[in-house]
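**Student:** Chains as they are written, first to last, in our numbering: chain A, 5 to 237; chain B, 6 to 201.
Note that beta-carbon positions come from the ideal geometry of N, C-alpha and C, so glycine has one too.
1. Can you look up residue 236 of chain A in the DSSP assignment and give me helix, strand or coil?
2. For residue 18 of chain A, which residues of its own chain have a beta-carbon under 6 Å away from its beta-carbon, when the five flanking residues on both sides are left out?
3. If we cut at 8 Å on Cβ distances, does residue 99 of chain A have a partner in chain B?
4. Using a cut-off of 7 Å between C-beta atoms, extract the partners of residue 53 of chain A located in chain B.
5. Which residues mark the beginning and the end of the beta strand (DSSP E) in which residue 129 of chain A is found?
6. Relative to chain A, which residues along the stretch 172 to 186 of chain B have a C-beta separation below 7 Å, given in chain order?
7. Which partner residues of residue 229 of chain A appear in the DSSP bridge assignment?
8. Once DSSP output is grouped into helix, strand and coil, what is the label at residue 169 of chain A?
9. Between residue 45 of chain A and the rest of its own chain, which residues show a CB-CB distance below 8 Å, the 5 nearest in sequence each way excluded?
10. Alpha carbon to alpha carbon, what distance is there between residue 207 of chain A and residue 100 of chain A?
11. Alpha helix (DSSP H) containing residue 158 of chain B: first to last residue?
12. Along chain B, which residues have their Cβ under 7 Å away from the Cβ of residue 78 of chain A?
13. Cutting at 8 Å between CB atoms, please list the residues of its own chain near residue 209 of chain B, excluding the five before and the five after it.
14. Between the stretch 25 to 41 of chain A and chain B, which residues of the former have CB atoms less than 8 Å from a CB of the latter, in chain order?
15. Near residue 96 of chain A, which residues of its chain fall below 8 Å by C-beta distance, leaving aside the five closest residues on each side in sequence?
16. Could you tell me the distance, in whole angstroms, from the CA atom of residue 130 of chain A to the CA atom of residue 82 of chain A?
17. Going by C-alpha to C-alpha distance, which of B:173, B:87 and B:137 sits closest to residue 152 of chain B?
18. State yes or no: is the C-beta of residue 62 of chain B within less than 8 Å of the C-beta of residue 41 of chain B?
19. Kindly list, in the order they appear in chain B, the residues whose Cβ is closer than 7 Å to that of residue 75 of chain A.
20. Hey, does residue 72 of chain B have any beta-carbon neighbour from chain A nearer than 8 Å?
21. Which partner residues of residue 4 of chain A appear in the DSSP bridge assignment?
22. Between residue 59 of chain B and residue 20 of chain B, what straight-line distance do the alpha-carbon atoms span, to the nearest angstrom?
23. Out of A:9, A:25 and A:195, which has the shortest C-alpha to C-alpha gap to residue 155 of chain B?
24. Along chain B, which residues have their Cβ under 7 Å away from the Cβ of residue 57 of chain A?
25. Exposed or buried, residue 110 of chain B, counting other C-beta atoms within 10 Å across all chains shown (16 or more means buried)?
26. Assign residue 196 of chain A to one of two classes, buried (16 or more other C-beta atoms within 10 Å of its C-beta) or exposed (fewer than that).
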């Protein structure tokens with residue numbers, strides 16, 4: 005089959021190729037000709053736009069949400085978001101609110117914490133609140149003595165096989181563990197500059213199995229409490 | 006259930022397909038939001054069963070993501086490129102399932118035919134159509150009804166001349182002639198009568 009110079013035939017075959025009525029051997033032969041004929045490929049593309057537009061005459065129908073979910077999962081467009089990513093992608097407004105509210109609460113709590121000359125100096129402070137914004141823990145840092153003091157103000161009771169783990173959350177990068185919280189209302193943890201650098205914006209407490217998160221990249225359980233880490237002076 | 010009316014803008018579609026080619030998940034999501042109602046409608050029309058249509062839509066968007074890089078080579082308008090994928094996936098799935106779909110015993114879907122007969126029939130729908138579809142609708146409207154029907158039947162149901170003839174209880178030769186004449190008229194109408 006030679007199509008050179010046979011304009012009408014080229015158009016007709018291209019149209020029937022797109023429509024689907026060009027079948028079996030004739031279809032394969034036509035595809036063979038297209039392969040070596042750029043003009044013919046263009047003719048086919050033109051027909052595809054012309055009669056392909058018929059597809060748009062069909063009334064639209066909204067697909068169920070599960071279709072997108074399935075696509076997203078198959079293409080791994082949104083890997084399971086780690087629990088500690090809760091603050092990411094959040095609005096700047098959230099940071100501001102957190103900063104203001106926490107500073108106020110921290111100031112009030114500091115009054116009760118700083119009692120007497122023997123008390124440790126407080127350089128940084130975080131009040132960690134639960135989802136209902138109730139204060140659950142107070143964390144203070146004494147940089148000279150490299151000491152982190154954690155006071156449990158009002159925390160939920162824990163199952164026997166669960167522990168709380170404290171994290172320093174930097175503005176970028178992975179959270180760093182500050183330690184697992186043992187029993188008692190007031191605990192001391194070693195403070196290292198590496199754990200709490202200037203880039204730390206937030207402290208968070210997650211619920212973990214005994215021994216702490218098995219995930220080296222951050223918390224494995226839900227974040228129960230969080231709060232801004234603010235410098236007192 | 007009326008899906009949200011999202012005007013199809015070729016420039017946006019092009020941008021999002023390009024984004025998908027660069028593995029930009031957000032652009033891909035925008036493409037999905039803008040096009041999935043139309044593409045799902047098309048899949049439903051061809052395969053009929055909602056569960057199959059969902060599968061077609063899923064497979065189609067996987068293909069769109071995977072092949073977005075080759076979109077430019079297709080030389081097609083964005084909507085055509087995507088509807089071609091959906092149409093092919095629908096036919097593939099039906100072939101795999103070995104299914105003969107009930108297509109109303111030759112009584113082709115009334116609303117689809119109505120849009121072809123009278124592009125002004127539903128102004129809300131018309132607004133969402135691409136420029137290619139608007140032009141086609143106008144030209145379809147001036148075709149003889151029988152020509153329009155055989156072309157629509159072949160397009161939406163992957164039918165050969167023989168299949169169309171069987172559905173409509175017509176001689177194959179008649180169907181071939183109608184399709185040929187219908188396509189020639191469409192061509193002449195769409196190209197402003199440049200060719201016969």
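**Tutor:** Based on what the coordinates show:
1. coil
2. 47, 48 and 51
3. At residue 99 of chain A the pLDDT is 49, less than 50, meaning the model places this residue with poor confidence and gives no usable figure here.
4. 81, 82, 85 and 137
5. Note, residue 129 of chain A: beta strand (DSSP E), 128 to 133.
6. 184 and 185
7. A:209
8. The answer is strand: DSSP assigns residue 169 of chain A an E or B state.
9. 38
10. Bear in mind that the predicted position of residue 100 of chain A carries a pLDDT of just 48, short of 50, making it unreliable; the figure below should be weighed with that in mind. For residue 100 of chain A and residue 207 of chain A, the distance between alpha carbons rounds to 15 Å.
11. 150 to 162
12. 67
13. With chain B represented from 6 up to 201, any question about residue 209 of chain B goes unanswered, as that position is not in the structure.
14. Going along the stretch 25 to 41 of chain A in chain order, one finds 25 and 27 with a Cβ nearer than 8 Å to chain B.
15. The pLDDT assigned to residue 96 of chain A is 43, lower than 50, so where the model puts this residue is not dependable; a value taken from the coordinates is nonetheless given after this. Once the five neighbours on either side are set aside, residue 96 of chain A has no close Cβ partner at all.
16. 32 Å
17. B:173
18. yes
19. 63, 66 and 67
20. Not closer than 8 Å to any Cβ of chain A, the Cβ of residue 72 of chain B fails to qualify, so no.
21. Nothing can be reported for residue 4 of chain A, as the shown portion of chain A is limited to 5 through 237.
22. 25 Å
23. A:25
24. 85, 135, 137, 138 and 141
25. Because the pLDDT of residue 110 of chain B is 43, which lies under 50, any placement of that residue in the model is unreliable, and the question is left without a value.
26. exposed
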